[in-house]
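Heads up, the sequence shown is in full-length UniProt numbering, so the first residue is 1 and it goes up one at a time. Built from N, CA and C at the ideal position, the CB exists for glycine as well.
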Amino acid sequence: MNLLCRHAGIFVKFVMPLLLHSADDKNMLQLVVNVCRHGNRQVMEHATLCLEALLREVTQQLCSDPEKMDHKKIFALLFKQFIQLLSKALHFDSSANTTTTTTTTTTTTTANSNSDDASSRSSFTGRDASLSIRAFGELAQTIRVFQGVDQLQQVLFKLIEICKKSFFTTALSLDSLPFDHSLSSSSSSSSSSSSSSVNPNAKNIDANDDSVGGDLSLHSSSLHREQSPVQQFPAFITAFGSILFHLDSVHDTVITHLSSMVSTIFQLFPKTWNRLRKNIYITIA
Numbered sequence: 001m002n003l004l005c006r007h008a009g010i011f012v013k014f015v016m017p018l019l020l021h022s023a024d025d026k027n028m029l030q031l032v033v034n035v036c037r038h039g040n041r042q043v044m045e046h047a048t049l050c051l052e053a054l055l056r057e058v059t060q061q062l063c064s065d066p067e068k069m070d071h072k073k074i075f076a077l078l079f080k081q082f083i084q085l086l087s088k089a090l091h092f093d094s095s096a097n098t099t100t101t102t103t104t105t106t107t108t109t110t111a112n113s114n115s116d117d118a119s120s121r122s123s124f125t126g127r128d129a130s131l132s133i134r135a136f137g138e139l140a141q142t143i144r145v146f147q148g149v150d151q152l153q154q155v156l157f158k159l160i161e162i163c164k165k166s167f168f169t170t171a172l173s174l175d176s177l178p179f180d181h182s183l184s185s186s187s188s189s190s191s192s193s194s195s196s197s198v199n200p201n202a203k204n205i206d207a208n209d210d211s212v213g214g215d216l217s218l219h220s221s222s223l224h225r226e227q228s229p230v231q232q233f234p235a236f237i238t239a240f241g242s243i244l245f246h247l248d249s250v251h252d253t254v255i256t257h258l259s260s261m262v263s264t265i266f267q268l269f270p271k272t273w274n275r276l277r278k279n280i281y282i283t284i285a
């Protein structure tokens, strides 16, 4: 993954033909997407960086000659692939009929599933949502070139809608949690032992992990499945920034949404886990 990421400009020459002549589930980008779902956090992070690097290079290639038929086909394949990924991840479909069917099915399934199944689904869909959000941020320029400003605006509004459904709902639940000030002054070893005394299953929790924070892990182990939307904050902001860069004008509702999002994350900042704090700081800066 590091090799692909570092030399994405070279590998893109092989990726482009493979996108045209491979099955949708076997092209190189899809293989990278699959690795982005890996259970090992370091492998997942390297694969995510690799995906972004490859998409960045593919975007440059496509926009260099938008009239080329192969480039149009590749863009259509990529757009379809990540729209489907986003729809699958968040039970959201651009067509009204599919949305209605999916919503009904999801409601029924949720009502009949146990908490473990819900946790598993949330973890999987949250990761897929993050990948698709990052992808649309990288593909913003190609969407404008191949489909126009109006389509790019629609993508932005779709991401905003998803952000409202996932990020703000989770943010409200996390905001109600008390902040344990003793955690900030205690050492990592004492925090680890304290976590073990509260929850015997939490002895392997890393306080620097971006999935289970030192601050929140003491409150409830069930919070792990709720943290994914908040963890996507840097991806949301980066994607929004990339899309806004390629728009001629910005609607007032977009500015209102972004200001609300940043304000909310500022309120949650003291309660977030260490790695996410660093990511938030870098993103805002």
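Checklist entry - Can the beta-carbon of D248 be found less than 8 Å from the beta-carbon of V149? => result As a position in the sequence shown, residue 248 is number 248, starting the count at 1. As a position in the sequence shown, residue 149 is number 149, starting the count at 1. Yes, the Cβ-Cβ distance between D248 and V149 is below 8 Å.
Checklist entry - With T256 and V230 assumed to form a contact (beta carbons below 8 Å), what rounded beta-carbon distance in angstroms separates them? => result Along the sequence shown, one-based indexing puts residue 256 at 256. Along the sequence shown, one-based indexing puts residue 230 at 230. About 20 Å; that fails the 8 Å criterion.
Checklist entry - With 16 other CB atoms within 10 Å as the buried threshold, where does P234 fall? => result Within the sequence shown, residue 234 is the residue found at index 234, counting from 1. Buried: at least 16 other Cβ atoms inside 10 Å.
Item to check | For V35 and A53, believed in contact at Cβ under 8 Å, the rounded distance | outcome: Within the sequence shown, numbered from 1, the residue matching residue 53 stands at position 53. Within the sequence shown, numbered from 1, the residue matching residue 35 stands at position 35. That belief does not hold up - the Cβ atoms of A53 and V35 are roughly 13 Å apart, past 8 Å.
Checklist entry - Where in the region 240 to 282 do unbroken runs of the alpha helix (DSSP H), each at least 4 residues long, occur, reported from the N-terminal end onward? => result Runs of the alpha helix (DSSP H) inside the region 240 to 282: 252 to 268.
Next on the checklist: Please report the straight-line C-alpha distance between L49 and V254, rounded to a whole angstrom.
Outcome noted: Position 49 of the sequence shown, counted from the start, is the residue given in the question as residue 49. Position 254 of the sequence shown, counted from the start, is the residue given in the question as residue 254. About 27 Å.
Next on the checklist: Is the separation between the beta-carbon of L152 and that of I74 shorter than 8 Å?
Outcome noted: In the sequence shown, counting from the first residue as 1, residue 152 sits at position 152. In the sequence shown, counting from the first residue as 1, residue 74 sits at position 74. For the pair L152 and I74, the CB atoms are not nearer than the 8 Å cut-off.
Item to check | Residue nearest to R41 in terms of C-alpha spacing, selected from V12, K13, L86, R127 | outcome: Counting from 1 along the sequence shown, the entry for residue 41 is found at position 41. Among V12, K13, L86, R127, the Cα nearest to that of R41 belongs to R127.
Next on the checklist: Just to confirm my understanding: we take Q141, look at its own chain, exclude 5 residues before and 5 after, and list those with CB closer than 7 Å. What are they?
Outcome noted: The count along the sequence shown starts at 1 and reaches residue 141 at position 141. Hits under 7 Å: T59, C63, H246.
Checklist entry - Any idea what DSSP makes of Q81, helix, strand or coil? => result Position 81 of the sequence shown, counted from the first residue, corresponds to residue 81. Reduced to three states, the DSSP call for Q81 is helix.
Next on the checklist: Using only CA atoms, which one of I243, L268, R275 lies nearest to F157?
Outcome noted: Taking the sequence shown and counting its residues from 1, the one referred to as residue 157 is at position 157. Ranking the options by Cα distance to F157, first place goes to I243.
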